[in-house]
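Visitor: In this text, residue positions in the sequence shown follow the numbering used here: the first is 128, and each later residue adds one.
In this text, a Cβ means the ideal position worked out from N, Cα and C, and glycines have one as well.
Take this structure, written in structure tokens, and hold onto it; I'll ask about it next.
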Amino acid sequence: MPETPATFPLPDAAVIDARVRLPSPLRVALRDAGEVYDDYDAVLDIGAAWTKSVGELRAEMDAAGVDHAIVHAEYEQGDVADAFNDELGRLVAQEPARFSGFGTVSLDRLDIMRAVRQVERVGALGLRGVNLQPSFFGLALDDRRMYPIYAKATELGLAIALHTGVNYSRSHPIEAERPVRLDQIACDFREATLIACHGAWPWVPEIVAVARRHPNVLIDFGGLAPKYVGMPGSGWELLRHFMDRGLRDQVLFATDWPVFPQQRALEEWRDLDLREETLAALLAGNARRLLAGTRDAVPA
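Set out below in structure tokens:
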């Protein structure tokens with residue numbers, strides 16, 4: 128993995144948000160272009176927050192006490208990958224103490240060799256991974272057309288963040304994002320660092336099984352209210368149990384900002400009565416190792 132200033136030493140009490148969305152002027156056109164965001168707004172009522180600025184992100188990080196954010200060039204429609212990657216590269220280069228980045232590739236009418244070259248560009252920009260949402264473009268996680276992208280990212284030491292579990296677009300079936308599909312990828316790419324974004328709900332037992340089998344699979348909780356992780360009957364109970372045990376080193380604090388506010392997310396995690404060492408790993412320790420490219424094996 129390229130050495131960039133993103134591995135700078137953080138204070139012991141640092142908080143790292145492992146996934147926020149890239150603030151970009153292009154988000155205005157994306158928001159107005161189609162039904163995906165209308166479907167999301169009908170459930171999550173995000174509204175104008177989709178188009179928040181870098182300045183607003185900095186201000187919310189300061190208010191919440193978030194020291195560093197991994198910014199993802201995440202998108203659900205259109206062909207903005209090249210523009211997003213360039214914007215993200217500039218942001219990370221300008222503020223390496225505050226931001227690291229995960230780039231992306233063009234999945235709309237997938238051209239495999241173009242996507243592979245985009246992964247190479249992500250590495251050349253000094254970014255730390257690639258963010259991919261195949262199901263929004265009619266592709267399952269384990270579609271073999273995605274494999275050259277996974278292979279190139281793994282070769283370059285770039286982590287691979289994948290949308291798993293529920294989405295709120297009524298046009299894109301969630302079965303394509305089941306974590307059992309991530310299991311196949313982990314079997315085929317044992318050297319890869321894979322991140323199951325959104326925690327894979329409602330298939331929580333599946334993601335627990337996959338992560339227990341594969342120590343290179345991490346789980347982020349972006350875009351959801353942490354209070355539900357501790358709520359009986361929510362479906363999260365098994366993962367909440369293993370967070371304090373065998374999966375402690377495989378969970379990442381993430382908000383999917385601006386989808387979920389950082390201040391509220393931190394308050395709800397701190398109210399869950401997690402073990403002290405689990406909270407420390409969740410809020411910063413595991414993301415530190417992710418950024419440094421030195422993931423440790425999970426203890427038995």
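The alpha helix (DSSP H) spanning G373 covers which residue range?
Guide: Stepping through the sequence shown from its first residue, residue 373 is reached at position 246. That residue, G373, is in no alpha helix (DSSP H); it is neither H nor E in DSSP.
Visitor: Leaving aside the five residues before and after W330 along the sequence, list all residues of the same chain whose C-beta is less than 6 Å from its C-beta, in chain order.
Guide: As a working mapping, residue 330 is identified with position 203 in the sequence shown. Answer for W330: R305, P306, listed in chain order.
Visitor: Starting from the C-beta of L410, find all residues in its chain whose C-beta is less than 6 Å away, skip the five residues before and the five after it, and write them out in chain order.
Guide: Position 283 of the sequence shown, counting from 1, holds the residue named residue 410. Counting only Cβ-Cβ distances below 6 Å, and skipping sequence neighbours, we find V142, F380.
Visitor: Going by the DSSP bridge assignment, what does D144 pair with across the sheet?
Guide: Looking up residue 144 in the sequence shown gives position 17. Paired residue(s): A196.
Visitor: Excluding sequence positions up to five away, which residues of its chain have a Cβ less than 7 Å from the Cβ of A338?
Guide: Here the question's residue 338 lines up with position 211 in the sequence shown. Same-chain partners within the cutoff: V344, I346, L374, Q377.
Visitor: What are the complete alpha helix (DSSP H) segments, minimum 4 residues, inside the region 313-385?
Guide: Counting only runs of 4 or more, we get 331-340, 364-370.
Visitor: Following the continuous beta strand (DSSP E) through V117, name the residue where it begins and the one where it ends.
Guide: Any property of residue 117 remains undetermined from this structure, which presents the chain solely from 128 to 427.
Visitor: Output the distance between the C-alpha atoms of D371 and G357, rounded to the nearest integer angstrom.
Guide: Start at 1 with the first residue of the sequence shown, and residue 371 comes out as number 244. Start at 1 with the first residue of the sequence shown, and residue 357 comes out as number 230. Approximately 12 Å, taken between the alpha carbons.
Visitor: Quick check on the burial criterion: 16 or more other C-beta atoms within 10 angstroms. Buried or exposed for M128?
Guide: Looking up residue 128 in the sequence shown gives position 1. For M128, the predicted model reports a pLDDT of 37, less than 50, meaning its position is unreliable; a value from the coordinates is still stated below. Per the 10 Å Cβ criterion, buried.
Visitor: Less than 6 Å separating the Cβ of A381 from some heavy atom of the ligand SAH?
Guide: This structure lacks the ligand SAH, and indeed carries no ligand of any kind.
Visitor: Where does L432 fall in DSSP's three states?
Guide: Absent from the structure is residue 432, since the part of the chain shown begins at 128 and ends at 427.
Visitor: Can you give the Cα-Cα distance for V232 and P385, rounded to whole angstroms?
Guide: The residue labelled residue 232 in the question sits at position 105 within the sequence shown. The residue labelled residue 385 in the question sits at position 258 within the sequence shown. Straight-line Cα distance between these residues: approximately 21 Å.
Visitor: Cα separation between Q204 and F264?
Guide: As a first step, residue 204 is located in the sequence shown; it is residue number 77 there, counting from the start. As a first step, residue 264 is located in the sequence shown; it is residue number 137 there, counting from the start. Each residue's alpha carbon lies about 7 Å from the other.
Visitor: What does the Cβ neighbour count give for A352, buried or exposed, with the cut at 16 atoms within 10 Å?
Guide: To locate residue 352, count along the sequence shown from 1; it is residue 225. A352 comes out exposed.
Visitor: What does a CB cutoff of less than 8 Å around V257 pick up in its chain, not counting 5 residues either side in sequence?
Guide: What you label residue 257 is simply residue 130 of the sequence shown in a count that begins at 1. The residues are F229, G230, T231, V232, V246, V249, I276, A280, L285, A286, I287, A288.
Visitor: Could you tell me the distance, in whole angstroms, from the CA atom of K179 to the CA atom of G192?
Guide: As a working mapping, residue 179 is identified with position 52 in the sequence shown. As a working mapping, residue 192 is identified with position 65 in the sequence shown. If I take the Cα positions, the gap works out to 19 Å.
Visitor: Once the 5 residues before and after E318 are set aside, which same chain residues still bring their CB inside 8 Å of it?
Guide: In the sequence shown, the residue the question calls residue 318 occupies position 191. Correct list, in chain order: T281, N343.
Visitor: Could you give the first and the last residue of the continuous alpha helix (DSSP H) run that contains G228?
Guide: Position 101 of the sequence shown, counted from the first residue, corresponds to residue 228. Segment 226-230 is the beta strand (DSSP E) holding G228; no alpha helix (DSSP H) there.
Visitor: Can you give the Cα-Cα distance for G216 and G360, rounded to whole angstroms?
Guide: Reading the sequence shown from its first residue, position 89 is the one you call residue 216. Reading the sequence shown from its first residue, position 233 is the one you call residue 360. One C-alpha to the other measures close to 42 Å.
Visitor: For the alpha helix (DSSP H) containing T405, name the first residue and the last one.
Guide: Locating residue 405 in the sequence shown gives position 278, where the first residue counts as 1. 403-407 is the extent of the alpha helix (DSSP H) around T405.
Visitor: Taking I239 as part of the alpha helix (DSSP H), name the residues at either end of that continuous run.
Guide: The residue labelled residue 239 in the question sits at position 112 within the sequence shown. From DSSP, the alpha helix (DSSP H) with I239 extends over 239-251.
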